[in-house]
């Protein structure tokens, strides 16, 4: 049964069994595929590029697509399935993290890597752990005009590693908080939009002759 609140979990949490572990021990990192941009399509199978990794989620705006007939090899290992995690590794925006919360498969371009969670870690816990060390990840980004995230160094970063049952509880509660935050953000944007329309309406009434 999931804990009722973060405070409930914190009061019962015993961290003596926790340790820190390097990412390499809990994930296998798979770089995406080098799709030929001259073969991009307006429909077909979707490709995730750096610009589609936004605010911890997959952004499906400005997707590009490919025709599988253009690539005779098996590309299944480059799939990002629902619930799986990816990270950008090329360009100035290297180090952005996202989880696929969409009920759809995507293919990863070579500028994005998939973080395949091993059996000893809960994927959602891994996701929140990566957000926790996000500043450390961004500090690894190197390069001049062309920046990038070195995979070998990324693999050596450490995250807190509690027992699997605690991982599940933490992931559940942090998911709840993140969902609530997104709902509040949506409500706020709606309120801002309503007030903007009110402002324009009454301003136009006041100034019209």
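Numbering (our numbering), first residue to last: 360 to 568.
Cβ coordinates follow ideal geometry from the N, Cα and C atoms, glycine included.
Since we're looking at a predicted model, the values are computed, not measured.
**Request:** Go ahead and label residue 538 buried or exposed: buried means 16 or more other beta carbons lie within 10 angstroms of its beta carbon, across all protein chains shown.
**Result:** exposed
**residue 445 beta carbon less than 9 Å from that of residue 458** = yes
**Message:** Could you pull the DSSP bridge partners for residue 387 from this structure?
**Reply:** 475
**Item:** residue 466 classed as buried or exposed, judged by whether at least 16 other C-beta atoms fall within 10 angstroms
**Value:** buried
**Prompt:** Is the number of C-beta pairs between the region 422-433 and the region 397-412 that are closer than 8 Å three or more?
**Reply:** yes
**Message:** Out of 450, 510, 441, which one is the CA nearest neighbour of residue 389?
**Reply:** 510
**Cβ neighbours of residue 394 in the same chain (closer than 7 Å, five flanking residues each side left out)** = 406, 425, 468
**Message:** Short of 6 Å in beta carbon distance, which residues of its chain neighbour residue 430, apart from the five on each side in sequence? Order them along the chain.
**Reply:** none
**Item:** Opposing strand residues paired with residue 447 [DSSP bridges]
**Value:** 471
**Request:** Determine the contact status of residue 489 and residue 456, defining contact as a CB-CB distance below 9 Å.
**Result:** yes
**Prompt:** Straight-line CA distance for residue 493 to residue 487?
**Reply:** 10 Å
**Asked** So what does DSSP say about residue 548, is it helix, strand or coil?
**Response** helix
**Prompt:** When you compare only the Cα positions, how much space is there between residue 448 and residue 480?
**Reply:** 22 Å
**Prompt:** DSSP state of residue 360, grouped into three classes?
**Reply:** Any reading at residue 360 is ruled out, since the residue's pLDDT is 45, under 50, leaving its predicted position unreliable.
**Prompt:** Would the beta-carbon of residue 392 fall within 9 Å of that of residue 434?
**Reply:** yes
**Message:** Looking at residue 477: is its Cβ nearer than 9 Å to the Cβ of residue 376?
**Reply:** no
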